[in-house]
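> In the working numbering, the protein residues as written are 294 to 438.
Beta carbons are placed, not taken as given, at the ideal position from N, Cα and C, and that holds for glycine.
First the structure, then my questions, so here it is.
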Amino acid sequence: MQNVIYQVLPRGFLLVNGLVYGILAALFVVTPRVWFANLGIELIDEIGYTELRTMYVGMMGSLAVFSLMAVLFAGMLESALVLFLVSYAALAAVRSWGIFIEGLFDDFTLRLLYIELLSAALALISLLGHRRANRKSRELSLQGI
């Protein structure tokens with residue numbers, strides 16, 4: 294049972310993240326002003342939307358594509374898990390700075406922090422499980438099983 298979890302969790306984690314980031318990127322393409330307003334972002338100049346789209350759509354889209362590619366290509370799996378672990382840990386660290394040091398937060402911001410912390414933990418568990426499954430697989434192949 295544990296081996297099944299180790300084999301399914303990493304790809305499942307990346308698949309869910311790929312789909313979520315893909316959907317979010319699409320929403321920021323189709324209705325950017327609505328989604329930026331939902332985040333509390335209101336710009337003075339229209340050119341700012343281009344810059345925000347570049348970051349939100351570009352980064353989210355890139356994460357979606359890389360994540361989904363890693364689901365399909367085993368050689369990319371560990372790199373994608375490390376990327377998501379580092380990304381979620383960094384997002385949580387920066388958001389924590391804003392919340393705990395600067396005191397700027399609301400319920401939505403707190404929910405995002407909880408999601409980022411949970412996602413970082415799942416990325417770590419997925420990465421460790423993937424490495425453990427690979428180690429066991431190598432041990433079995435060395436034993437001739």
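Taking only the alpha-carbon atoms, compute the straight-line gap between residue 340 and residue 346 and give it to the nearest angstrom.
10 Å
> Sorted by chain position, which residues of the same chain lie with C-beta nearer than 8 Å to residue 326's C-beta, five sequence neighbours on each side aside?
342
> I'd like to check one pair, residue 419 with residue 303: are the Cβ atoms closer than 8 Å?
yes
> Do residue 417 and residue 378 have their beta-carbon atoms positioned less than 8 Å apart in this structure?
yes
> Just how far apart, CA to CA, sit residue 297 and residue 434?
18 Å
> Per the contact definition of three or more C-beta pairs closer than 8 Å, is the segment 354 to 366 in contact with the segment 387 to 403?
no
> Taking the alpha-carbon of residue 313 as reference, which of 367, 436, 358 has the nearest alpha-carbon?
Of all alpha-carbon atoms in 367, 436, 358, the one lying nearest the alpha-carbon of residue 313 is that of 358.
> Comparing C-alpha positions only, which one of 397, 356, 394 sits nearest to residue 472?
This structure cannot settle anything about residue 472, because the visible part of the chain is limited to 294 through 438.
> Quick check on residue 398: does DSSP put it in helix, strand or coil?
DSSP places residue 398 in the coil class of the three-state scheme, outside both helix and strand.
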